[in-house]
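Protein chains in written order, with our numbering: chain Z, -8 to 101; chain H, 8 to 309. Glycine is no exception: its CB is placed at the ideal position from the N, C-alpha and C atoms. Worksheet: the structure to be examined is printed underneath.
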Amino acid sequence: QWAEPRVCSRRYLKVDFADIGWNEWIILPKSFDAYYCAGVCEFPMPKIVRPSNHATIQSIVRAVGIVPGIPEPCCVPDKMNSLGVLFLDENRNVVLKVYPNMSVETCACR
Amino acid sequence: AHTSPFGPSRGSCHLATTQSSHAITGATRQADMVAAHMLRLYEKYSRRGARPGGGNTVRSFRARLEMVDQKAVYFFNLTSMQDSEMILSATFHFYSEPRWPRAREVPCKQWAKNVSCRLLPAGLPTHQQLLFRSLSQNTATQGLLRGADGELLLSAQLDSGEKAPGVPSPSPHAPYILIYADDLAISEPNSVAVTLQRYDPFQAGDPEPGAAPNSSADPRVRRATQATGPLQANELPGLDERPAHAPHAQHYHKHELWPGPFRTLKPRPGRKDRRKKGQDVFMASSRVLDFDEKTMQKARRK
């Protein structure tokens, strides 16, 4: 993904349950778009990386260098979406569960 | 409607009886009704933000038919329900063969062209009663039994009032129960692995029955040390080694944050650094072991 921007942003990731060995009991979906966050949160942070106030302050403190060892804010998921999963439980009953925070909608520097 | 068989701690439970048989088409009759129903629910609730029955979980339970006192009793094994799942409602689904004579068509008369021809049933359908039986008289546990292996069983009996109803033949239309619940633990960290990961990727020895067949059958050596409390709590190990006399317990000083195991992971000092051995000895005796002395001097000058 060389063409991806260097700055913190959402990147595409499709997860196939067969790849992680869960396809034996997960009926649906077979795969889903999970996405992930990657990129730098370097000073100065643009609005597009949706920095929290704390991240802005941390970024400034790091840039000024007055306190040693302060890292850049982290590029992490901000808004996330749930995912309904149809699967078989241990007794082979069909179960539907709606799991929260399963795919990334937006990323942010936090 | 039926009173809650799960007791007040599980939340209110409205058990509705539904005759779904008449909506079944010939094609779906052959299919597994439970799976088909759950598939419909999946399609309905996989849309963003949709919540099945106001919760986040729907569990299906198939019936196991047994003859008790020459009566057909359906048993549902509810053992897989989790303590964290608060039951919101439940539905009972069964298939009932129509017992009345075939509907007859009212002949359309020539003079009544505008009147639509209707199908009129010749009689009323058989009245069905759903009975939940328990050994105890406790209404809170009505219909609930403990199996021989400690299973949580719900017994149900369909009574049509006939004197000799006979033994129902096994069919793909056996009754089933859907339980709508709110899993309070689903927002906990790692909840997806708790319910969906059927094997411990770090576990040595044979996998559990039902584990993924594509997982390696080779015995795996567990290299990790014994997991400690702080590791499981997502905290840095060794934090509890902070001196008890710290002036502010919530204020972590840098030299207090990295004790114990992390010291052994420090890279070997370079030649230049080794010349400062005497200084290191001094630092080892002080409480500012891992602090950068140069930075500290700079800070003092400032």
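Query                                                                                                                             : Result
Short Cβ contact (8 Å threshold) for residue 98 of chain H with residue 191 of chain H                                            : no
Chain H within 8 Å of residue 70 of chain Z, Cβ atoms only                                                                        : no
Cβ of residue 109 of chain Z within 8 Å of any chain H Cβ                                                                         : No information on residue 109 of chain Z is available, as it lies outside the stretch -8 to 101 that chain Z covers here.
Chain Z contact for residue 58 of chain H (CB, 8 Å cutoff)                                                                        : yes
Partners in chain A for residue 190 of chain H, counting only beta-carbon separations shorter than 8 Å                            : Any reference to chain A falls outside this structure, whose protein chains are Z and H.
Nearest residue (CA-CA) to residue 52 of chain H, options Z:82, Z:77, Z:35, Z:93                                                  : Z:77
Chain-ordered residues of the region 71 to 87 of chain H with a beta carbon less than 9 Å from chain Z                            : 84, 86, 87
Top-ranked residue by Cα proximity to residue 165 of chain H, from H:180, H:138, H:181                                            : H:138
Within chain Z, partners of residue 42 of chain H - CB distance below 7 Å                                                         : 85
Residue closest to residue 6 of chain Z, alpha-carbon to alpha-carbon, out of Z:21, Z:32, Z:50                                    : Z:21
Under 9 Å by beta carbon: chain Z residues contacting residue 193 of chain H                                                      : 88, 89, 90, 91
Endpoints, alpha helix (DSSP H) assigned at residue 51 of chain Z                                                                 : 44 to 55
Beta-ladder partner(s) of residue 90 of chain Z, from DSSP                                                                        : Z:74
Helix, strand or coil at residue 43 of chain H [DSSP, three-state]                                                                : helix
Residue 199 of chain H versus residue 88 of chain Z - alpha carbon distance                                                       : 10 Å
Spatial distance of residue 152 of chain H from residue 202 of chain H (CA atoms)                                                 : 25 Å
Length-filtered (3 minimum) beta strand (DSSP E) runs lying within the region 40 to 109 of chain H                                : 64 to 75, 78 to 84, 92 to 101
Own chain, CB closer than 8 Å to residue 69 of chain H, minus 5 neighbours either side, in chain order                            : 41, 83, 181, 183
DSSP three-state assignment for residue 25 of chain Z, whether helix, strand or coil                                              : coil
For residue 162 of chain H, the nearest candidate out of H:156, H:155, H:140 (CA to CA)                                           : H:140
Backbone CA spacing between residue 314 of chain H and residue 46 of chain H [nearest angstrom]                                   : Only positions 8 to 309 of chain H appear in the structure, and residue 314 of chain H is not among them; the question remains open.
Below-8 Å beta-carbon distance, residue 78 of chain Z vs any chain H residue                                                      : yes
For residue 73 of chain Z and residue 96 of chain Z, the rounded distance between their alpha carbons                             : 10 Å
Between the CA atoms of residue 205 of chain H and residue 29 of chain Z - distance to the nearest angstrom                       : 29 Å
Interfacial residues, the region 15 to 29 of chain Z to chain H, with Cβ spacing under 9 Å                                        : 15, 16, 17, 18, 19, 20
Residue nearest to residue 95 of chain H in terms of C-alpha spacing, selected from H:136, H:86, H:189                            : H:189
Cα-Cα separation between residue 90 of chain H and residue 193 of chain H, rounded to whole angstroms                             : 12 Å
Option in Z:90, Z:99, Z:101, Z:100 with minimal Cα separation from residue 57 of chain H                                          : Z:90
Beta carbon proximity, residue 56 of chain Z to chain H, threshold 8 Å                                                            : no
Cβ of residue 140 of chain H within 8 Å of any chain Z Cβ                                                                         : no
Cβ-based burial, residue 50 of chain Z [other Cβ within 10 Å; buried from 16]                                                     : buried
Residue 98 of chain H: contacting residues in chain Z (beta-carbon distance under 7 Å)                                            : Within chain Z, no residue comes near residue 98 of chain H; the closest Cβ sits about 14 Å away, beyond 7 Å.
Close-in-space but distant-in-sequence residues of the same chain around residue 40 of chain Z (CB under 7 Å, 5 per side omitted) : -2, -1, 32, 99, 100
Cβ-Cβ distance between residue 87 of chain H and residue 92 of chain Z below 8 Å                                                  : no
CA-to-CA distance, residue 72 of chain H to residue 154 of chain H, given in whole angstroms                                      : 14 Å
Backbone secondary structure at residue 194 of chain H - three-state DSSP                                                         : coil
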